[in-house]
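Each remark here refers to the structure printed beneath this line.
Residue numbers (this note's numbering): 2 to 186.
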């Protein structure tokens with residue numbers, strides 16, 4: 002058993018030089034770089050940015066107009082597994098970050114799509130690609146109010162019956178408990 006610690010805190014690279022895991026890492030990086038290039042070619046002008054940020058992570062941003070084509074490429078053509086999507090309110094827009102996993106390569110492809118209209122945010126639905134996108138689109142709609150165009154109307158998933166129609170609890174405009182306490186004082 003080796004009791005020495007790596008020279009840098011949090012680093013174990015010193016002990017792995019020449020290991021099979023290193024060979025897998027370089028294989029993974031070349032797969033990721035090839036995937037980014039193919040993604041850019043396939044989606045074309047709809048790709049705003051795409052890069053390998055770490056050996057196991059790709060970040061891309063695509064326009065809403067190219068989002069369905071990009072997701073179809075990753076899911077149908079490349080065989081990525083859809084893991085989850087994350088909806089976020091930014092100062093100037095809403096965005097959804099879709100996480101696609103390439104399990105064989107231990108790689109996560111994160112694809113950002115922005116809805117620039119903060120009053121009535123809309124993005125294309127991915128449910129025509131596969132049913133696995135349905136649940137998360139409903140959650141994001143109920144909590145942030147992002148409308149997913151191209152899907153059949155569905156019943157609310159998380160919304161309480163007594164919520165006003167325009168109430169989306171994860172929006173920054175919704176007062177928090179602390180805000181309500183400050184208003185009372």
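We put the beta carbon where it would ideally sit given N, CA and C, even for glycine.
Under a 10 Å Cβ-count criterion, residue 58 is classified as exposed, with fewer than 16 other Cβ atoms of the shown protein chains found around its own Cβ. Here residue 44 is not near residue 69, since their CB atoms are 8 Å or more apart. Scanning its chain for C-beta atoms nearer than 8 Å, with the 5 sequence neighbours on each side dropped, one finds around residue 150 the residues 123, 124, 125, 126, in chain order.
DSSP places residue 142 inside the alpha helix (DSSP H), whose first and last residues are 135-145. Residue 145 is a Cβ neighbour of residue 88, given a cutoff of 8 Å.
Of the residues 94, 90, 109, the one whose Cα lies closest to the Cα of residue 75 is 109.
About 7 Å separates the Cβ atoms of residue 61 and residue 113, confirming a contact at the 8 Å cut-off. Secondary structure note for residue 152: it is in no beta strand (DSSP E), with a DSSP letter that is neither H nor E.
Just so you know, the alpha carbons of residue 32 and residue 101 end up roughly 15 Å apart. When the beta-carbon positions are compared, residue 38 and residue 172 stay at least 8 Å from each other.
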